[in-house]
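FYI, in the working numbering the residues of the sequence shown are 124 to 712. Read through the structure below, which is laid out as structure tokens, and then see the notes.
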Amino acid sequence: MAKLVSSKFLGVAASLLLFAVSANAAPRKIAITDDDDLFTVDTIDGREVNCLTKDNTTYAGVSNRANTKFTTIANKTKTKLASLKKKIKTASNAKAKKKLKKQIKNLKKQRDLHIAACVVSEIAISSQAFKATGSTYFNLPLPYTCDGAKISGASVGGKSPLLSWSGVPSEATHLVVTMHTEDSEGNVTPQFTLFNIPASVTTLPEGDFSIGTAAEGDMSATEIEAAGGVPYSAPCASGAGTEVLYTFTVHALSKALNLTASASRAEVLEAAEDALIETKTLQVRRVRWDAASLASNLHVPSSVPSTCSQKEAHFDEYARVFSSISCDDSANEMTVVSHIASGLKTTLEDQQLQVGITRWIGRLALPSQSGFAFKVAPNFLSGATNNMACDGVDTLGITVDGQLILPYYKQGGGSGSNCGPSDGQDYYDRDTVVLGEVDQCYGHSPNGEGYHIHGAPVCLMDVHDPSKPIAYMSDGIPLYFGQGGGTITETAHAIAVAADDGYVTDINYGGGRYEHLDFRPADVIDGTNPLNDCNAYDINGDGATSGYVYYTTKDAPYTIGCYMGEKLSAAPAGVENTKLVSDRTGFNG
Numbered sequence: 124m125a126k127l128v129s130s131k132f133l134g135v136a137a138s139l140l141l142f143a144v145s146a147n148a149a150p151r152k153i154a155i156t157d158d159d160d161l162f163t164v165d166t167i168d169g170r171e172v173n174c175l176t177k178d179n180t181t182y183a184g185v186s187n188r189a190n191t192k193f194t195t196i197a198n199k200t201k202t203k204l205a206s207l208k209k210k211i212k213t214a215s216n217a218k219a220k221k222k223l224k225k226q227i228k229n230l231k232k233q234r235d236l237h238i239a240a241c242v243v244s245e246i247a248i249s250s251q252a253f254k255a256t257g258s259t260y261f262n263l264p265l266p267y268t269c270d271g272a273k274i275s276g277a278s279v280g281g282k283s284p285l286l287s288w289s290g291v292p293s294e295a296t297h298l299v300v301t302m303h304t305e306d307s308e309g310n311v312t313p314q315f316t317l318f319n320i321p322a323s324v325t326t327l328p329e330g331d332f333s334i335g336t337a338a339e340g341d342m343s344a345t346e347i348e349a350a351g352g353v354p355y356s357a358p359c360a361s362g363a364g365t366e367v368l369y370t371f372t373v374h375a376l377s378k379a380l381n382l383t384a385s386a387s388r389a390e391v392l393e394a395a396e397d398a399l400i401e402t403k404t405l406q407v408r409r410v411r412w413d414a415a416s417l418a419s420n421l422h423v424p425s426s427v428p429s430t431c432s433q434k435e436a437h438f439d440e441y442a443r444v445f446s447s448i449s450c451d452d453s454a455n456e457m458t459v460v461s462h463i464a465s466g467l468k469t470t471l472e473d474q475q476l477q478v479g480i481t482r483w484i485g486r487l488a489l490p491s492q493s494g495f496a497f498k499v500a501p502n503f504l505s506g507a508t509n510n511m512a513c514d515g516v517d518t519l520g521i522t523v524d525g526q527l528i529l530p531y532y533k534q535g536g537g538s539g540s541n542c543g544p545s546d547g548q549d550y551y552d553r554d555t556v557v558l559g560e561v562d563q564c565y566g567h568s569p570n571g572e573g574y575h576i577h578g579a580p581v582c583l584m585d586v587h588d589p590s591k592p593i594a595y596m597s598d599g600i601p602l603y604f605g606q607g608g609g610t611i612t613e614t615a616h617a618i619a620v621a622a623d624d625g626y627v628t629d630i631n632y633g634g635g636r637y638e639h640l641d642f643r644p645a646d647v648i649d650g651t652n653p654l655n656d657c658n659a660y661d662i663n664g665d666g667a668t669s670g671y672v673y674y675t676t677k678d679a680p681y682t683i684g685c686y687m688g689e690k691l692s693a694a695p696a697g698v699e700n701t702k703l704v705s706d707r708t709g710f711n712g
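The following block contains the structure:
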């Protein structure tokens, strides 16, 4: 007789939501022999369930007391579901029907969790648009939410995601791909449902459902029209800093579904049950601040991060890119060293390095490390002063994904550190952003072989939470994303250069995905408490030195125009310099 054992490993696999479904064609009763492996696992909701591996196939189900017969959970559940569906037809009132429908939903959920705990799927889901930051979940990129740019003909933002998969079973003929979210009460909100996708297809292109039939039954005609004619309900959580998990699922089926585009997600999944071979899910997260919360400044910091633990937390969110993060409160100094000077970039066109540069010294950004040291607790100054490096080579700060930030103006012949907003000089003809000397992410290679930026870290805004610092400056004051990206032909510096018959770039910074964003404080937007010449915001609005943070802008100085705190006197030797990775293969995580 097969021995009943416990398998913690498979329980862990289930907790990672690695779903697989054994074929529904299995016999209702399976005979258990001494050569079979009967074991128990824990589902992700804590239930102990039975599994059976027989002839290289693993089944989820229930054994009899003598452990001689095994009933698959698919067959066991099928009978119960049929009984409940009959009861719905004869239910006396709406309340009774609702109760029965909830029982059906719970029964299906328990079935799927049982199957998931027994078998690990071979299907893998990925996306070139997702960035591995080191966090538990991928962050759903902003362009795929309602805060993303509008597609042609749409009145609401967001386009459907780029998604890829592999490892589909050879016996599968068609796929169903879905995206949904589920609230704490188990209520499902579909983002999209795509069915009758040929099993040979391995990628869902961004903003394109033509690989299959898109189910329109969960959206009204008005909603689909507002989305540009595409049945994609872009994630749009309400509230302040609301975190939501979104689930992508790939279902491998043994046949096509006899449904039309008018079907709903529930109808598609019900029709798919009898043809289901295997399923795999991938969860991603998104933190959103809705318009009301932004207007109420709920995303704006009420204090300045001034301890090691506070600052370390902001870099830890992008831990994957850093080789070291060290901090000493007593010494008032923090040092970070990144594996890759160019920060977190995807392989997509809108984040490619060097793209958009029209005038520069011809150097390429090779895989390099970068590092920077800055103060932990800022010592605020009383006002904006001329305390910037006149030669333009001063490193101002570092982004939370490891990119060094330099002044917007290129190197000049000046010396000293007494340049700034009131020095009587005009820097428009040295503006690297206007002159086309930086790429679409505001960066380029320096005289060395690394990478640094001269503008807002706009290419990180696909995944970054705007309520958190996007960089820290040498003086320890955080930089937040306010505005950035887009074309700059109408900025003050661009107009001045054009008036001198100079060259002005027409590049769309950020690939045209972020110029509509505005996370500046509401009182900055309405002009009652504007940023000062350093791009600093008085968080208390009292004009005192009690607290300042910086915000990025579309116009110069883009990041900071001067320091509002005493900068760290000297960085540790070699920290600011980029160092070429010895094998020149770059950072591979």
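Every residue, glycine too, gets a C-beta built ideally from N, C-alpha and C.
Query	Result
Check whether the Cβ atoms of residue 559 and residue 480 sit closer than 8 Å, and answer yes or no.	yes
Find out if the Cβ-Cβ distance for the pair residue 286, residue 250 is shorter than 8 Å.	yes
Would the region 597-617 count as touching the region 669-678 if we require 3 or more Cβ pairs under 8 Å?	yes
In chain order, which continuous runs of the beta strand (DSSP E) of length 3 or greater are located wholly inside the region 600-630?	601-603
Suppose contacts are defined by Cβ-Cβ distances below 8 Å. Is residue 658 in contact with residue 680 by that definition?	yes
With which residues is residue 177 paired in a DSSP beta bridge?	180
Between the alpha carbons of residue 639 and residue 272, how many angstroms are there, rounded?	7 Å
Below 6 Å CB to CB, which residues in the same chain sit around residue 539 once its five sequence neighbours on both sides are set aside?	513
Quick check: the Cα distance between residue 212 and residue 356, rounded to an integer number of angstroms?	31 Å
Suppose the cutoff is 6 Å on Cβ atoms and the five residues either side in sequence are ignored; what does the same chain contact list for residue 641 look like?	606
For residue 208, does the count of other Cβ atoms within 10 angstroms reach 16, so buried, or fall short, so exposed?	exposed
Would DSSP call residue 598 helix, strand or coil?	coil
When you compare the region 219-229 with the region 151-170, are there three or more beta-carbon pairs, one atom per stretch, that lie closer than 8 Å?	no
Could you have a look at residue 409 and say whether DSSP puts it in helix, strand or coil?	strand
Which of helix, strand or coil does DSSP assign to residue 497?	strand
Is the beta carbon of residue 304 sitting closer than 8 Å to the one on residue 370?	yes
Pairing CB atoms from the region 173-192 with CB atoms from the region 235-243, are three or more of them under 8 Å?	yes
In whole angstroms, what is the alpha-carbon distance linking residue 445 and residue 488?	18 Å
Specify the secondary structure class of residue 431 as computed by DSSP and reduced to three states.	helix
Which runs of the beta strand (DSSP E) spanning at least 3 residues fall entirely within the region 296-369, listed in chain order?	297-305, 311-321
Kindly list the residues whose CB is nearer than 7 Å to the CB of residue 438, restricted to its own chain and excluding five residues on each side of it in sequence; keep chain order.	445, 448, 459, 523
Can you give the Cα-Cα distance for residue 535 and residue 472, rounded to whole angstroms?	33 Å
Closest to residue 318 by C-alpha separation, out of 328, 338, 326, would be which residue?	338
Grab me the residues of residue 147's own chain with a C-beta within less than 7 Å of its C-beta, minus the 5 sequence neighbours each way, in chain order.	Confidence in residue 147 is poor, its pLDDT being 40 and thus under 50, which makes the residue's placement too unreliable to answer from.
Does the beta-carbon of residue 636 have 16 or more other beta-carbons within 10 angstroms, so that it is buried, or is it exposed?	buried
Where does the unbroken beta strand (DSSP E) through residue 286 begin, and where does it stop?	286-289
Over what stretch of residues does the alpha helix (DSSP H) that includes residue 236 continue unbroken?	217-241
Roughly how many whole angstroms lie between the Cα atoms of residue 656 and residue 352?	45 Å
At 3 residues or longer, and completely inside the region 535-590: list those beta strand (DSSP E) runs for me, N to C.	none
On the DSSP bridge list, what partners appear for residue 262?	408
Could you check how far apart the C-beta atoms of residue 410 and residue 364 are, in whole angstroms? I think they sit under 8 Å.	6 Å
Candidates 274, 395, 379, 451: which alpha carbon is nearest residue 329's?	274
Where does residue 179 land, buried or exposed, given buried means 16+ other C-beta within 10 angstroms?	exposed
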